[in-house]
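Novice:
Spelled out as structure tokens, the structure:
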């Protein structure tokens, strides 16, 4: 499609404005983390790494980071197992209600986080509390897994639908048993989708705050919760900016890696 010069200029200006709205606030947070003035005056009188050292010495921030890592890894592990099994069931088998199962699996990612959080909080209180299990890291992991499963499922089922089942049939025709056919043929083909889904699930869990608010018990504080609690404290503002930059960086890395893996998978499927 050929666009006139004014149309191209208008599209570039619109794209530039959109990127500015999205990324200018993030750049401002980075600048505030280096601002020597505690009140984040603008323009900053200079640059310093003092607040980065202060944030590293903050035991509350370090503890919250460790909790977020454990919750993200736990939720990702559950999502990889359940999401992969569900994807193989839906993509490789025909059964009554298959589309309904697929819809039910995808639904949690579309629900508002506050609805999911309230539902999980009520369910945990009804089922786990009589058993002596209260809200804590375990409930946070389970809560995050409910929507992380969707990410893994979508990635794996999309890859399986682009992979003909005849590959596995050919391997078994050549003498490979089903487990060997899976290990030598199927798994290498879906491995990029598994890695991409796992990375995206971890990133989604790592910065989740709404569901975490309803599923975390006393003493369990993830990094987003720590930021939310401390952002209104004036003396903590520079440290919060530093932690926010770290949170952005730890979220961008897996998303970028997942995007590259997804691109490589798509390119391989076209060959």
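In UniProt numbering, the protein residues as written are 1 to 271. Glycine residues also receive a C-beta, built at the ideal position from the N, C-alpha and C atoms.
Is the stretch 186-193 touching the stretch 30-50 in the sense that three or more CB pairs, one from each, lie closer than 8 angstroms?
Specialist: As far as the Cβ criterion goes, the stretch 30-50 does not touch the stretch 186-193, which means the pair count is below three.
Novice: Just to confirm the assignment, what range does the alpha helix (DSSP H) spanning residue 200 have?
Specialist: Position 200 of the chain shown, counted from the first residue, corresponds to residue 200. That run of the alpha helix (DSSP H) goes 187-206.
Novice: For residue 15, collect the residues of the same chain with a Cβ closer than 7 angstroms to its Cβ; drop the 5 residues on either side in sequence, then sort them by chain order.
Specialist: For this step, residue 15 is matched to residue 15 along the chain shown. So the list is empty, once near-sequence residues are dropped.
Novice: Where do the N-terminal and C-terminal ends of the alpha helix (DSSP H) with residue 51 fall, by residue?
Specialist: The residue given as residue 51 occupies position 51 in the chain shown. It spans 50-56 - the alpha helix (DSSP H) in which residue 51 sits, taken as one unbroken run.
Novice: Helix, strand or coil: how does DSSP classify residue 184 here?
Specialist: By 1-based counting over the chain shown, the position of residue 184 is 184. DSSP places residue 184 in helix when its eight states are reduced to three.
Novice: Among the residues of its own chain, which have a CB less than 8 angstroms from the CB of residue 122, if the five just before and after it don't count?
Specialist: For the purposes of this step, residue 122 is taken as residue 122 along the chain shown, with counting starting at 1. Result list for residue 122: empty, nothing under 8 angstroms.
Novice: For residue 76, collect the residues of the same chain with a Cβ closer than 7 angstroms to its Cβ; drop the 5 residues on either side in sequence, then sort them by chain order.
Specialist: By one-based count along the chain shown, residue 76 stands at place 76. 148, 198, 201, 202 and 205, listed in sequence order.
Novice: Roughly how many angstroms lie between the CA atoms of residue 157 and residue 117, to the nearest whole one?
Specialist: By one-based count along the chain shown, residue 157 stands at place 157. By one-based count along the chain shown, residue 117 stands at place 117. Straight-line Cα distance between these residues: approximately 27 angstroms.
Novice: Return the residue from the list 37, 53 and 96 that minimises the CA-CA distance to residue 46.
Specialist: Locating residue 46 in the chain shown gives position 46, where the first residue counts as 1. Measuring from the Cα of residue 46, the nearest candidate turns out to be 37.
Novice: In chain order, what residues of the same chain have a beta carbon less than 7 angstroms from the beta carbon of residue 70, not counting five sequence neighbours either side?
Specialist: On the chain shown, position 70 is the one that residue 70 refers to. Excluding positions up to five away in sequence, the list reads 137.
Novice: For the alpha helix (DSSP H) that contains residue 92, what are its first and last residues?
Specialist: As a working mapping, residue 92 is identified with position 92 in the chain shown. Taken as a continuous stretch (DSSP letters only), the alpha helix (DSSP H) holding residue 92 covers 59-92.
Novice: Could you tell me the distance, in whole angstroms, from the CA atom of residue 210 to the CA atom of residue 49?
Specialist: Taking the chain shown and counting its residues from 1, one reaches residue 210 at position 210. Taking the chain shown and counting its residues from 1, one reaches residue 49 at position 49. For residue 210 and residue 49, the distance between alpha carbons rounds to 31 angstroms.
Novice: What does the Cβ neighbour count give for residue 236, buried or exposed, with the cut at 16 atoms within 10 Å?
Specialist: On the chain shown, position 236 is the one that residue 236 refers to. The residue in question, residue 236, is buried, as its Cβ has 16 or more Cβ neighbours within 10 Å.
Novice: Could you tell me if residue 208 is buried or exposed, where buried requires 16 or more neighbouring beta carbons within 10 angstroms of its beta carbon?
Specialist: Mapped onto the chain shown, residue 208 falls at position 208. With 16 or more other Cβ atoms within 10 Å, it is buried.
Novice: Cβ of residue 51 within 7 angstroms of Cβ of residue 242?
Specialist: Here residue 51 is taken as the residue at index 51 of the chain shown, counted from 1. Here residue 242 is taken as the residue at index 242 of the chain shown, counted from 1. Yes, these two residues count as a Cβ contact at 7 angstroms.
Novice: Would you mind reading off the limits of the alpha helix (DSSP H) that contains residue 158?
Specialist: In the chain shown, counting from the first residue as 1, residue 158 sits at position 158. Start and end: 137-161.
Novice: Relative to the alpha-carbon of residue 297, which residue among 119, 151 and 113 has its alpha-carbon at the smallest distance?
Specialist: This structure cannot speak to residue 297, because the chain is shown only from 1 to 271.
Novice: Hey, is residue 54's beta-carbon within less than 7 angstroms of any beta-carbon in chain D?
Specialist: Here there is only one protein chain, and chain D is not present.
Novice: Apply the 10 Å Cβ neighbour rule to residue 61 and answer buried if 16 or more other Cβ atoms are within range, or exposed otherwise.
Specialist: Within the chain shown, the letter at position 61 stands for residue 61. It counts as buried.
Novice: Indicate whether residue 65 and residue 223 have their beta-carbon atoms separated by less than 7 angstroms.
Specialist: One-based indexing of the chain shown puts residue 65 at position 65. One-based indexing of the chain shown puts residue 223 at position 223. In contact: residue 65 and residue 223 (Cβ atoms closer than 7 angstroms).
Novice: State the Cα-Cα distance for the pair residue 215 and residue 114, rounded to the nearest angstrom.
Specialist: Taking the chain shown and counting its residues from 1, the one referred to as residue 215 is at position 215. Taking the chain shown and counting its residues from 1, the one referred to as residue 114 is at position 114. Near 11 angstroms, if we compare the C-alpha coordinates of residue 114 and residue 215.
Novice: Per DSSP, what kind of secondary structure is residue 127 in: helix, strand or coil?
Specialist: As a position in the chain shown, residue 127 is number 127, starting the count at 1. Three-state result, residue 127: helix.
Novice: For residue 232, is the classification buried or exposed, using 16 other Cβ atoms within 10 angstroms of its Cβ as the cut-off for buried?
Specialist: The residue given as residue 232 occupies position 232 in the chain shown. Label assigned to residue 232: exposed.
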